[in-house]
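Participant:
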Amino acid sequence: MKCFFGAALLALTLPLSLCAQNSGKLFTESCDSMSVLMKERSGVTCGFKVLRHFESGKKLNIRFSTELGDYPWRKDEVEWFRKTFGTILPAKYTGYSVGNITVNGNPLEDYIVTVPGNDGSPAPAAFRRKDPKDDGIFIRRVGEQEYAMGLTGRTVALWQSHGRYYDESQDRWDWQRAPLFQTVEDMYTQTYVLPFLIPMLENAGAYVMTPRERDIQTREVIADNDPAFTGIRAEGVRVEGRYSEKGSWSEAGTGFADASLTYSGIDNPFAMGTARQAPCSSESSHAVWDADFPEKGEYAVYISYKTLPQSSPCARYSVRHAGGTTDFVVNQKMGGGTWIYLGTFEFEGTGSVTLYSEPPKGYACPEDACVTADAVRFGGGMGKIARGRADLPVSEYSTSGMPSFCEGAIYWMQWAGADTSVLAVEEGDYLRDYSRRGAWVGWMSGGSRTNPDAEGLGIPVDLSLAFHTDAGVSPDDSIIGTLAIYTLKCEDSELLPNGESRLQARSYADFVQTQIVEDIRSTCNPQWSRRGLWNRSYSESRTTTVPALLIELLSHQNFADMKFGLDPSFRFLVSRAIYKGVLKYLSARYGCPYEVQPLPVNSFRTMFDTKPSEKGKTGVTLSWKATVDSLEPTARPDGYILYTRIDDGAFDSGRVLKRTTGNGETVSTHVTVTPGHIYSYRIVAFNKGGKSFPSQTLSVGIPEGYGGSTALVVDNFTRVSAPAWMDSPQIAGFDSDLDAGVAYGKEIGFIGEQYQFKREMPWLSNDNPGFGGSYTDKAGMVYPGNNLDNTVAHGKALMSAGYAYHSVSADSFDISSARNDSMVDIVCGKQVSTLLGIVGGRVAHSVFPAHIRQTISEYAAAGGNVLVSGAYIGTDIWSSIYPLTKDEKETEEAIKFAQEVLGFRWMTNYASRKGEVWPMSFKGFDMTSRIGKMRFHQEKNCSIYNVETPDGIAPAGEKGHSVLRYTDTNISAGIFYKGNKYKTACFGFPLETLTTQEEIDSVVRAVAEYFGTE
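Residues 193 to 1206 in my numbering are what the sequence shown spells out, letter by letter.
1. Taking R333 as the reference, give the member of G345, D327 and M341 with the closest Cα.
2. Tell me which same chain residues have a C-beta within less than 6 angstroms of the C-beta of T1205, skipping the five on either side of it?
3. Note down, in chain order, each residue of its chain lying with its Cβ closer than 7 angstroms to the Cβ of V1199, except the 5 sequence neighbours on either side.
4. Using the rule of at least 16 other Cβ atoms within 10 Å of the residue's Cβ for burial, across every protein chain shown, is V545 buried or exposed?
5. So, is S1194 buried or exposed, given that buried needs 16 or more other C-beta atoms within 10 angstroms?
6. Hey, would you say G638 sits closer than 8 angstroms to G648, going by beta carbons?
7. Quick one: residues in its chain with C-beta nearer than 6 angstroms to the C-beta of A1036, no 5 flanking neighbours on either side, listed in chain order?
8. How far does the beta strand (DSSP E) with I743 in it reach, from first residue to last?
9. Can you tell me whether D378 is helix, strand or coil according to DSSP?
10. What first and last residue would you give for the alpha helix (DSSP H) that runs through L623?
11. Which residue marks the beginning of the beta strand (DSSP E) containing M464, and which one marks its end?
12. Which class does T1176 belong to by DSSP, given the choice of helix, strand or coil?
13. Is the stretch 764–775 in contact with the stretch 725–734, if contact means three or more CB pairs nearer than 8 angstroms?
14. Is it true that the CB of L791 sits closer than 8 angstroms to the CB of A769?
15. Secondary structure at A697, three-state DSSP: helix, strand or coil?
16. Between the Cα of E432 and the Cα atoms of N794, T446, G447 and R411, which residue gives the shortest distance?
17. Taking the alpha-carbon positions, what's the A1165 to P921 distance?
18. Do S289 and K250 have their C-beta atoms closer together than 8 angstroms?
19. Using DSSP with H/G/I as helix, E/B as strand and the rest coil, what is M526?
20. Below 8 angstroms on the Cβ atoms is my contact criterion, and I expect R569 with Y494 to pass it. Report the Cβ-Cβ distance as a whole number of Å.
21. What is the residue span of the beta strand (DSSP E) that I1069 lies within?
22. In whole angstroms, what separates the C-alpha of V228 from that of T237?
23. Quick check: what's the CA-CA separation for L657 versus T736?
24. Considering Cα atoms alone, identify which of E377, A1042 and A582 is closest to A971.
25. Thinking just about the alpha-carbon of each residue, which of M1015, G1021 and W1070 is nearest to the one in N1057?
26. Out of P264, F246, S248 and T258, point me to the one whose CA is closest to K231's CA.
27. Does the beta carbon of T1083 come closer than 8 angstroms to any beta carbon on chain D?
28. Could you tell me the boundaries of the beta strand (DSSP E) in which C1294 lies?
29. Which runs of the alpha helix (DSSP H) spanning at least 4 residues fall entirely within the stretch 980–1047, listed in chain order?
30. Check the DSSP bridge columns for E1272 and list the partner residues they point to.
31. Within its chain, find whatever has a CB closer than 6 angstroms to the CB of F885; leave out the 5 residues flanking it on each side and keep chain order.
32. On the CB-based measure, 16 or more other CB atoms within 10 Å of its CB, does K438 come out buried or exposed?
33. Alpha carbon to alpha carbon, what distance is there between T375 and G1124?
34. Determine whether the beta carbon atoms of R797 and S1009 lie at a separation below 8 angstroms.
35. Which value, in whole angstroms, describes the spacing of the CA atoms of N523 and W726?
36. Would P308 and A318 qualify as a contact pair, given that the criterion is a beta-carbon distance under 8 angstroms?
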């Protein structure tokens, strides 16, 4: 900095003609040439120019425009730039060299950022400070592992972009962005943040706060010490729970009350009621919030309380849910006066939250400490903030009519107690929604170590992240790519409220952007575009009081981007990259080593240790393999957690497996089961950095009165993918009529089908968005995708037929897994070969890859019977859903397998529009006496994924017979086949999509009877 100012002062003493005349025009050609070279070197395109230049002898000291800082500068690149630019100076400066280079008043050297590594060591950082982790943790789940090399003790403020809002100018609720390619940015970024990014950060130990509703549950129950509003509560309106207390409780001041059906203007429900307090004495006082749940499902649990000078740093809460009881320790010295998220749990019937006055075991409170109690909330619910024209009475205002998670942040913040200092009521809702999120971070962090001089809730937020996508179309249909935005100055200061440099946000932004781009390039698209690393004055990166990043992942308007963007596997990849960028940045900031949380395990299987017993317990071996992360060598598991569910209950809270055995790459453990129940299992891997996402769910069951036959269920439905797509120079888009894709878990971003496929159609307005334009009639609906829990429905049916069963994942299916089984049930669901993003790209999720064909063939040759069902069991062999290039030899072998081993041939994948089948009989087997007409889910529904285009399959020869037909087309829907020593039953739709379990049972029983005939 001193060198620059010295050079500047020297330049001011020279004649003006030698200082700064026409710098921009003079250096235009040099800057253009250098931009090309920078593109070749960094992959980033940025147009920069010279603002001023100063002569100092035979050196030029140059002040460049902001855009020069948009490159991801690395060590040695500044010197390379200086030397290279010196070789292409204007002719009048031949023989000159380049001296000091500045951008925005800072030396270009200040923009150098270390490349994030992957060895677990903290990257060098000029902004390093003492690790504050020992200052205490805000929320701690009792019994949960802490991840010393993860994010335990860190607090992250995170939000997805935009949301449904009230448009004053048009007097209507609307989306802030255009509905394109079956989604809208307001909902699309949710599909990264909610199912992937937040859980990854939490799995690493972070406490994540968000100013938008995170719970997709549309039901809501509120229990409070104050009475709620009165009157009839229509369908969809939140339900009132019950509050009770025992012991020495007294008033604690102002608190929450659900005093109104809707809220408007500056209404603040956290100023409408009261809170309670009890001393942390040896006397046992407690408060209980009870809830009756309208329907079984997952509900987020939020608590609220009052922070007082004497508040307890260790208040104990206990959540009773369907999976058991989970305890938390909450530091009530911070966070009072808003909704504080504890976790999401499954509830059925009733549930409760209890607050105890005495500290948990192992904790101590000051003598005068107290706990405080206010409201507890279960579920996200529907929008409850009302808006309307200024000339109308409030009684005529309307809510959005959408689930709360669809709405913009401004409405959740009001519901969560933000006052006018945060909400800025003089601005319209559109502007307030994005501009006040930074103020919300300031409110959360005010009074903490990260924002010490401001008033607020005292929560030490470590960083913030705003997740957006951008608009824009590439003329050649290439990728728009990823942009990162930070802000160097706020109110003319380059310091954060705690005195740290705001320039560290550049390192944070670079770590995350680099991780995203490199992971995408390494995994699925080597040509993914890296856009600039912008220092720009965006409110979400400027006003947050902590290191802040606004990421623009891709263009939601560009079809090339969205072919990747609608694929859940891409969303997982990107979310993991962002989580890793956050982890590595905080590692560099605090100087602590890190480990990346493991990937989900693979090759999961369950095997009976002995022949199942009709009485007493039977041993079962669970085995799996760790998944190698080729990008992150630290992501190796140290151990595993087993989660168990019995029958239709909820999964328990899991137990760390103290003892596992290993055989090469395979890890195993042992459990026991008893007849009359279905046991379901998930495995989670963990290390010092966090825990993985769960494995797929496998199950085991032995029927009461077991007769001796066993079956193996193979979960061959692993697919998650974007909808089917078409791509030509004139017409392109997503074809949900052919196949709507498969979400991971639940689909929350789909708003309606695409209607505009003409590439030539321009954007005119958000209501007429041109190419990619989509309907919005499905917005706010939550639809099931692949929950990776696909064996239980088949298991129930097999048990009804008298079989004991166990299950394996498709990647662990081999002849040894079925060695003692008289039947194998291959669950194919909507499995089909998919293409990630580009023609010629990665193909995944084939129905019958070579190892599956080989294992089935070996098993059948040994006399084993085979049941297969799925929507594309023929289409994936004879045709395709995506524009794949198929291997001719592979296709020939697959057709031969289908015809000669399974005994069917493909007819069409447009076999029915009605979703109804009826039975057909043949000589020797009367199917009509065993089942009647049945329906399967062909339309989107709330129960299970749907099948848009089921397969028509027919017998391949005289040894086969049609046993089901679609009622609207009379095309064969299922066949029985008698091979050499074995039999098969194949169905062109997934059996689990039948509308009742009784129908599934009846089909499987008929199959079992056929297999038992001569």
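Think of the CB as a built atom: it goes at the ideal place given N, C-alpha and C, for glycine as much as any other residue.
Facilitator: Answer, in terms of the structure:
1. G345
2. none
3. L1059 and A1177
4. buried
5. S1194 should be labelled buried.
6. At the C-beta level, G638 and G648 come within 8 angstroms of one another.
7. T1026
8. A740 to S747
9. In the structure shown, D378 sits in a helix (DSSP, three-state: H, G or I).
10. D621 to S627
11. Neither: M464 is in no beta strand (DSSP E) and is coded neither H nor E.
12. strand
13. no
14. No.
15. Looking at A697 - three-state DSSP - the assignment turns out to be helix.
16. R411
17. 37 angstroms
18. yes
19. coil
20. Confirmed, about 4 angstroms.
21. Note, I1069: premise wrong, no beta strand (DSSP E); alpha helix (DSSP H) at T1067 to W1070.
22. V228 and T237: Cα-Cα distance of roughly 8 angstroms.
23. Roughly 10 angstroms between the two C-alpha positions.
24. E377
25. Comparing Cα-Cα distances from N1057 to each of M1015, G1021 and W1070, the minimum goes to M1015.
26. P264
27. Reference to chain D is not applicable here, since this structure consists of a single protein chain.
28. The structure shown has nothing for residue 1294, since the chain only spans 193 to 1206.
29. 984–992
30. With the chain covering 193 to 1206 only, the question about residue 1272 has no answer from this structure.
31. P792
32. exposed
33. 39 angstroms
34. yes
35. CA-CA distance, N523 to W726, rounds to 37 angstroms.
36. no
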